[in-house]
Amino acid sequence: MDTATPAVTVALHDGTSVLAASGQVDARRHGELLLPAVDRVLAEAGTKLDAVTDIVVGIGPGPYTGLRVGLVTAATFGSALSVPVHGLCTLDGLAYAAGLEGLEGPFAVATDARRKEVYWARYEDARTRTGEPSVDRPADIAAELAGLPVVGAGAVLYPDAFPDARGPEHVAAGALAALAAERLAAGQKLPEPQPLYLRRPDAQVPKNYKVVTPK
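Just so we're aligned: 186 in full-length UniProt numbering is position 186 of the sequence shown, and the numbers increase by one with no gaps anywhere.
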């Protein structure tokens with residue numbers, strides 16, 4: 001599952017292929033959409049939650065509010081089922097999906113970080129990220145990424161900075177699960193399911209607010 005972007009996406013994977021998947025784009029309803037999506041995917045696959053042996057969750061980077069929905073849900077399922085919970089960079093899932101659609105490297109991935117910024121990373125190919133994810137204004141990295149295809153909604157939002165925008169725009173849990181299954185089968189260790197925020201939350205306590213207490 002992944003809720004790091006406006007896409008609320010869930011998939012069930014059997015280690016070889018995707019059995020069922022769901023994806024809805026709604027930046028304000030992650031909490032409302034995620035659990036019904038889990039139920040829908042399990043029903044489509046004809047299985048129940050207690051058959052799940054591992055959980056993979058996108059760890060971002062992403063905005064605080066949406067990202068924590070997926071992480072908390074994954075942690076809760078993992079605890080209830082006593083199964084491992086693995087993290088995976090959301091940008092890696094997008095890069096892998098772009099590779100499945102035929103894109104060859106090098107390229108970059110960029111998602112919407114709001115505040116007129118993007119979360120982004122460079123890739124040698126669909127499976128190989130070069131460096132850590134960052135958050136920047138598009139104009140500040142346009143020269144660095146000049147000549148590269150850029151995958152994701154961040155590229156679509158800022159065509160002046162990223163003229164060679166490519167799909168998919170949003171991460172799909174099926175690609176995330178397939179990449180995780182591939183890495184686990186190869187004996188690779190996946191990241192801990194801890195959030196990649198890269199900056200402070202959008203919602204903060206106002207400064208110099210007036211405290212009113214009863215006398």
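Backbone N, C-alpha and C fix where the C-beta goes; we use that ideal spot for every residue, glycine too.
Practice problem: In angstroms with no decimal places, state the Cα-to-Cα distance between H170 and V57. | Solution: 15 Å
Quiz item: Which residue from A180, A161, R122 and E192 puts its Cα closest to that of S17?
Solution: A180
Quiz prompt | Close-in-space but distant-in-sequence residues of the same chain around residue 216 (CB under 8 Å, 5 per side omitted) | solution = Residue 216 lies beyond the stretch modelled for the chain, which goes from 1 to 215, so this question has no answer here.
Practice problem: With a floor of 4 residues, list each alpha helix (DSSP H) that falls wholly inside the UniProt domain "Gcp-like" (27 to 142), ordered by position along the chain. | Solution: 30 to 45, 64 to 81, 90 to 100 and 138 to 141
Self-check item: Euclidean distance between Cα positions of D92 and R129
Solution: 7 Å
Self-check item: Top-ranked residue by Cα proximity to G70, from R122, Q194 and A153
Solution: Q194
Quiz item: Measuring CB to CB, does A11 end up less than 7 Å from A177?
Solution: yes
Practice problem: Find the nearest neighbour of H13 within the set P36, A146, R115 and E182, judged by alpha-carbon distance. | Solution: E182
Exercise. Over the uninterrupted beta strand (DSSP E) stretch that includes L19, give me the two end residues.
Key: V18 to V25
Self-check item: Range of the contiguous alpha helix (DSSP H) that encloses V156
Solution: A153 to L157
Practice problem: Can you have a look at residue 218 and say buried or exposed, based on whether 16 or more other CB atoms are within 10 angstroms of its CB? | Solution: Any question about residue 218 goes unanswered here, given that the chain covers just 1 to 215.
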